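S.K.: From first to last, the protein sequence lines are chains A and B.
Residue 334, in the numbering used here, is where the first sequence stops; the numbers in between run on with no holes.
Residue 640, in the numbering used here, is where the second sequence stops; the numbers in between run on with no holes.
The C-beta atom is built at its ideal place from N, Cα and C for all residues, glycine as well.
What you are looking at is a predicted structure, and each value in this text was computed from that prediction instead of being measured.
What follows is a structure written as structure tokens; I'll ask about it next.
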Amino acid sequence: MQKFISQQNLGHLLDKLIADGKRVVAPRMEAGTPLYGPFADSAGIVLGQLPRRSAKETFFPVCEDIMSYGKEGQQVTLTDVNPARFPETVLVGVRPCDAAAVPVLDAVFSWDYQDEFFLERRQKTTIVGLACTQADDACFCTAVGLSPADPKGSDLFLTPVEGGGYACETFTEKGETLVNSHKELFGEPSGAPALPLAEPQTEKFDLKKVKAWLDDHFEDPAWDSIAVRCVGCGACAFLCPACHCFDIVDEGTEKAGKRRKSWDACGFWKFTHHASGHNPRDLQPKRYRNRIMHKFKYYDDKFGQTLCTGCGRCIRFCPVGIDIAAIVSEISKK
Amino acid sequence: MTNTIDTSIYAAITEAIQGEARRILSEGHVSAVVGYAAARRKGSAQPVVITDAVRAEELIFSAACVNNLAVYLTKAKKEIPKTGKIGIVVKGCDLKALVGLMGESQLKREELYLIGVPCAGVLASTAQPAQELTGDTIAPKCRECDAHLPQECDFVPDRQPATPELAGKYRAEIARLEAMTPAERWAYWKEQFKKCIKCYACRQVCPFCFCEQCLCDRNKPQMVETTPRPAGNTAWHIVRAMHLAGRCAGCAECERVCPMDIPLNLLNRKMAKELKELYDYEAGFQVREKGPLAMYDEKDDQSFIK
Ligand code: SF4
Ligand code: SF4
Ligand code: SF4
Ligand code: SF4
Ligand code: SF4
Numbered sequence: 001m002q003k004f005i006s007q008q009n010l011g012h013l014l015d016k017l018i019a020d021g022k023r024v025v026a027p028r029m030e031a032g033t034p035l036y037g038p039f040a041d042s043a044g045i046v047l048g049q050l051p052r053r054s055a056k057e058t059f060f061p062v063c064e065d066i067m068s069y070g071k072e073g074q075q076v077t078l079t080d081v082n083p084a085r086f087p088e089t090v091l092v093g094v095r096p097c098d099a100a101a102v103p104v105l106d107a108v109f110s111w112d113y114q115d116e117f118f119l120e121r122r123q124k125t126t127i128v129g130l131a132c133t134q135a136d137d138a139c140f141c142t143a144v145g146l147s148p149a150d151p152k153g154s155d156l157f158l159t160p161v162e163g164g165g166y167a168c169e170t171f172t173e174k175g176e177t178l179v180n181s182h183k184e185l186f187g188e189p190s191g192a193p194a195l196p197l198a199e200p201q202t203e204k205f206d207l208k209k210v211k212a213w214l215d216d217h218f219e220d221p222a223w224d225s226i227a228v229r230c231v232g233c234g235a236c237a238f239l240c241p242a243c244h245c246f247d248i249v250d251e252g253t254e255k256a257g258k259r260r261k262s263w264d265a266c267g268f269w270k271f272t273h274h275a276s277g278h279n280p281r282d283l284q285p286k287r288y289r290n291r292i293m294h295k296f297k298y299y300d301d302k303f304g305q306t307l308c309t310g311c312g313r314c315i316r317f318c319p320v321g322i323d324i325a326a327i328v329s330e331i332s333k334k
Numbered sequence: 335m336t337n338t339i340d341t342s343i344y345a346a347i348t349e350a351i352q353g354e355a356r357r358i359l360s361e362g363h364v365s366a367v368v369g370y371a372a373a374r375r376k377g378s379a380q381p382v383v384i385t386d387a388v389r390a391e392e393l394i395f396s397a398a399c400v401n402n403l404a405v406y407l408t409k410a411k412k413e414i415p416k417t418g419k420i421g422i423v424v425k426g427c428d429l430k431a432l433v434g435l436m437g438e439s440q441l442k443r444e445e446l447y448l449i450g451v452p453c454a455g456v457l458a459s460t461a462q463p464a465q466e467l468t469g470d471t472i473a474p475k476c477r478e479c480d481a482h483l484p485q486e487c488d489f490v491p492d493r494q495p496a497t498p499e500l501a502g503k504y505r506a507e508i509a510r511l512e513a514m515t516p517a518e519r520w521a522y523w524k525e526q527f528k529k530c531i532k533c534y535a536c537r538q539v540c541p542f543c544f545c546e547q548c549l550c551d552r553n554k555p556q557m558v559e560t561t562p563r564p565a566g567n568t569a570w571h572i573v574r575a576m577h578l579a580g581r582c583a584g585c586a587e588c589e590r591v592c593p594m595d596i597p598l599n600l601l602n603r604k605m606a607k608e609l610k611e612l613y614d615y616e617a618g619f620q621v622r623e624k625g626p627l628a629m630y631d632e633k634d635d636q637s638f639i640k
């Protein structure tokens with residue numbers, strides 16, 4: 001279904017959704033940093049810049065309680081979190097590189113184990129994607145087969161047009177339901193041309209060739225030269241829309257506490273630290289190798305997909321300038 | 335443009351660094367040189383470790399050479415084998431961290447070959463690497479730099495850096511926070527810490543966070559909540575600030591790399607200010623055995639023990 005919505009009506013739409021009791025999540029400023037988050041009215045929405053963290057946290061929060069426990073004498077009580085209570089959510093203003101990562105994540109969260117926390121939120125969320133009109137030289141969605149206008153992962157997709165407002169296209173039933181339930185705010189397609197889209201400069205990767213090299217080069221001196229400078233933080237994995245590792249810890253006292261799930265990263269030394277003291281990934285190049293292998297080989301082996309949408313966040317915010325686009329492009333030329 | 339900062343000497347410095355690195359590598363004075371090399375993004379630079387004199391031509395210095403390379407010489411970075419003497423490119427602010435590490439017996443002066451850089455400033459984390467260095471794009475630490483010319487290095491290109499007069503941001507911001515009520519200040523930091531995702535980039539780039547196992551990573555027993563939630567985040571930031579008090583020499587790497595824009599150097603600078611007032615001590619200028627917080631003196635003020 002093709003429609004048009006004005007800037008003003010988009011604001012009205014969000015306000016109505018909030019009034020209807022829906023949770024609306026969109027980019028806004030939080031203590032000076034652009035982040036996706038829930039809000040109370042449409043006034044604070046910031047669509048001009050890529051949020052610092054990706055939209056994955058809508059489904060996979062930075063940290064969440066998954067169980068609580070209490071102990072009184074010999075009596076132990078365990079209380080599960082009830083995912084049925086997660087709210088209906090509309091996620092708005094999602095960049096193509098963020099939206100495209102969501103179906104990629106579906107594969108791992110519904111594989112051998114059904115992760116009810118992720119899947120319940122996923123099922124209850126409508127994603128409103130937004131075409132990208134600005135790229136910098138860290139962006140490379142086009143290199144991994146996406147584009148600034150790719151609706152992958154979006155239920156409803158907005159493209160800014162000349163003269164203001166957005167051309168809207170629905171791609172799923174969820175998207176149609178959203179439009180149909182607020183028909184009065186949408187008009188017929190205006191025919192106005194789309195604003196010029198962003199033009200990421202990176203050439204397209206030959207992902208098959210990249211994978212073929214990775215298949216044969218678990219051991220290779222290149223890993224040392226690539227990652228000797230890596231300092232082993234979680235910045236790249238935490239900002240990434242596709243990284244999905246998490247840790248589970250119990251926190252509290254002997255008497256009461258919570259079991260919590262929070263983001264983890266293969267860049268950390270303790271990620272593979274065994275209870276015995278042995279660490280199979282003892283040096284940083286082995287950890288960084290896992291990052292590349294997981295994204296361009298293992299995920300492909302397992303699910304036939306690439307675990308990178310080219311958002312460029314890990315490039316912009318790597319403390320030591322490690323550039324995954326440069327690395328993959330180099331591998332594709334080997 | 336009026337507030338452009340003159341970085342024209344960086345080209346000559348690049349050439350001098352290359353020449354010196356080539357010489358010390360080929361003459362066998364050092365086994366490796368840690369420096370900066372150009373990277374893919376326009377104008378960008380990244381740390382590089384060079385062991386072959388032929389590769390000395392990759393070394394550069396520009397306003398995008400933001401890293402404090404001292405972190406690569408600490409025992410936290412096992413990837414770089416520390417055999418023999420190592421050459422390292424240092425700005426004045428980086429050198430303060432090296433001096434601190436020597437004071438803490440982490441490094442020996444005779445095992446280092448210091449290539450000092452006359453430095454007019456580097457870019458802020460908010461700037462794109464290709465941007466010109468101006469009063470707006472310069473890193474906040476450079477606005478109040480007192481080490482444009484590193485002292486006591488083995489080699490320093492003979493150039494005079496521009497030393498622009500810029501209003502200090504940290505001093506003003508600390509004064510603003512000091513003027514707040516404790517409740518207002520608490521609210522300010524709570525908002526900031528709430529954003530923290532415990533990526534530990536701030537810890538990993540810090541030359542002084544060289545512990546084999548960070549107390550904040552422990553889970554048997556758990557010392558600090560490891561999850562990124564308000565309680566654990568606040569605890570983490572207090573531990574970080576306190577462990578750096580009297581040691582942090584102000585390279586501001588933690589603040590530069592924080593992907594959540596948390597102004598960590600304000601905590602560091604505030605600690606440094608207290609140390610200066612209480613002990614007339616400033617980190618990073620002299621190789622000392624111990625900083626004031628690691629030292630006991632009978633003349634110390636005991637009045638707080640009740
Ligand atoms: S690997 Fe980097 S560029 Fe790719 S999706 Fe993740 S953060 Fe974005
Ligand atoms: S790349 Fe690393 S952090 Fe990201 S999902 Fe894979 S293993 Fe996890
Ligand atoms: S690649 Fe960069 S962001 Fe990722 S762990 Fe290494 S230093 Fe941190
Ligand atoms: S603080 Fe001083 S020495 Fe350090 S980068 Fe800035 S101007 Fe250069
Ligand atoms: S770098 Fe920033 S977000 Fe990461 S742990 Fe440090 S303060 Fe938190």
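Under the three-state reduction of DSSP, which class applies to M335 of chain B: helix, strand or coil?
M.R.: Confidence in M335 of chain B is poor, its pLDDT being 46 and thus under 50, which makes the residue's placement unreliable; the coordinate value appears in the next sentence. Coil.
S.K.: Select from B:L441, B:C588, B:E391 the residue whose C-alpha is nearest the C-alpha of H332 of chain B.
M.R.: Residue 332 of chain B lies beyond the stretch modelled for chain B, which goes from 335 to 640, so this question has no answer here.
S.K.: For W263 of chain A, which beta-bridge partners are listed by DSSP?
M.R.: Bridge partners of W263 of chain A according to DSSP: A:F246.
S.K.: If you reduce the DSSP assignment to three classes, tell me which class M436 of chain B lands in.
M.R.: helix
S.K.: Using a Cβ-Cβ distance under 7 Å, would R95 of chain A count as near chain B?
M.R.: no
S.K.: DSSP state of Q123 of chain A, grouped into three classes?
M.R.: helix
S.K.: Specify, as a first and last residue, the run of the beta strand (DSSP E) that E72 of chain A falls within.
M.R.: 63 to 72
S.K.: Give the list of continuous beta strand (DSSP E) stretches no shorter than 3 residues that lie fully inside the segment 346 to 388 of chain B.
M.R.: 366 to 372, 379 to 384
S.K.: Counting only Cβ pairs nearer than 7 Å, list the residues of chain A close to T560 of chain B.
M.R.: V249
S.K.: Measuring only the C-alpha atoms, how far is M605 of chain B from C550 of chain B?
M.R.: 20 Å
S.K.: Between C245 of chain A and ligand 1, is there a pair consisting of the residue's CB and a ligand heavy atom that are separated by less than 6 Å?
M.R.: no
S.K.: Is it true that the CB of A198 of chain A sits closer than 7 Å to the CB of C97 of chain A?
M.R.: no
S.K.: Between the C-alpha atoms of F527 of chain B and A521 of chain B, what's the straight-line distance to the nearest angstrom?
M.R.: 10 Å
S.K.: Is the Cβ-Cβ distance between Q538 of chain B and V231 of chain A less than 7 Å?
M.R.: Yes; because the gap between Cβ atoms is below 7 Å, this pair is in contact.
S.K.: Determine, for A531 of chain B, whether the minimum Cβ-Cβ distance to residues of chain A falls below 7 Å.
M.R.: Checking the displayed sequence, the identity of residue 531 of chain B turns out to be Ile instead of Ala. True, the Cβ-Cβ gap to chain A drops below 7 Å.
S.K.: Considering P38 of chain A, what are the terminal residues of the alpha helix (DSSP H) in which it resides?
M.R.: That residue, P38 of chain A, is in no alpha helix (DSSP H); its beta strand (DSSP E) goes 33 to 38.
S.K.: In or out: G618 of chain B buried (at least 16 other Cβ within 10 Å) or exposed?
M.R.: buried
S.K.: For T159 of chain A, list the residues DSSP reports as bridge partners.
M.R.: A:A167
S.K.: Is DSSP giving A586 of chain B helix, strand or coil here?
M.R.: coil
S.K.: Return yes when the Cβ of D428 of chain B is within less than 7 Å of the Cβ of C585 of chain B, no when it is not.
M.R.: yes
S.K.: Please decide whether P103 of chain A counts as near chain B, where near means a Cβ-Cβ distance under 7 Å.
M.R.: no
S.K.: Do the segment 551 to 568 of chain B and the segment 203 to 219 of chain A make contact, defined as three or more Cβ pairs closer than 8 Å?
M.R.: no
S.K.: From what residue to what residue does the beta strand (DSSP E) around T79 of chain A run?
M.R.: 75 to 80
S.K.: Does the beta carbon of R313 of chain A fall short of 6 Å from some heavy atom of ligand 1?
M.R.: Under cutoff, so the answer is yes.
S.K.: Which value, in whole angstroms, describes the spacing of the CA atoms of V92 of chain A and K3 of chain A?
M.R.: 16 Å
S.K.: Just the chain B side, please: which residues come within less than 8 Å of V228 of chain A by C-beta, in chain order?
M.R.: V383, E413, I414
S.K.: Could you tell me whether the Cβ of M335 of chain B comes closer than 7 Å to any Cβ of chain A?
M.R.: Summary for M335 of chain B: the model assigns pLDDT 46, below 50, so the residue's position carries little reliability; its value from the coordinates is reported in the next sentence. M335 of chain B does not count as touching chain A.
S.K.: Closer than 7 Å, CB to CB, is V488 of chain B near chain A or not?
M.R.: Residue identity differs from the one stated: residue 488 of chain B is Asp in this sequence, not Val. No, no contact with chain A.
S.K.: Looking at the secondary structure, which residues open and close the alpha helix (DSSP H) in which G4 of chain A lies?
M.R.: The sequence as given places Phe at residue 4 of chain A; Gly does not occur at that position. Per DSSP, F4 of chain A belongs to no alpha helix (DSSP H); it is in the beta strand (DSSP E), 2 to 5.
S.K.: Helix, strand or coil for N599 of chain B per DSSP?
M.R.: In the displayed model, N599 of chain B falls within a helix according to three-state DSSP.
S.K.: What residue does the alpha helix (DSSP H) around A325 of chain A start on, and which one ends it?
M.R.: 324 to 332
S.K.: With a threshold of 7 Å between beta carbons, is P474 of chain B in contact with chain C?
M.R.: Considering every chain present, this structure includes no chain C. Its protein chains are A and B.
S.K.: Determine the DSSP secondary structure at Q301 of chain B, reduced to helix, strand or coil.
M.R.: No statement about residue 301 of chain B is possible, as the shown extent of chain B runs from 335 to 640 and does not include it.
S.K.: Using a Cβ-Cβ distance cut-off of 7 Å, determine whether V81 of chain A contacts chain B.
M.R.: Not closer than 7 Å to any Cβ of chain B, the Cβ of V81 of chain A fails to qualify, so no.
S.K.: Inspect the beta-carbon positions of V424 of chain B and L448 of chain B and report whether they are closer than 7 Å.
M.R.: yes
S.K.: Identify every run of the alpha helix (DSSP H) within the segment 293 to 322 of chain A, keeping only runs that are complete inside it and at least 4 residues long; order them along the chain.
M.R.: If we require 4 residues or more, the alpha helix (DSSP H) runs fully inside the segment 293 to 322 of chain A come out as 299 to 303, 313 to 317.
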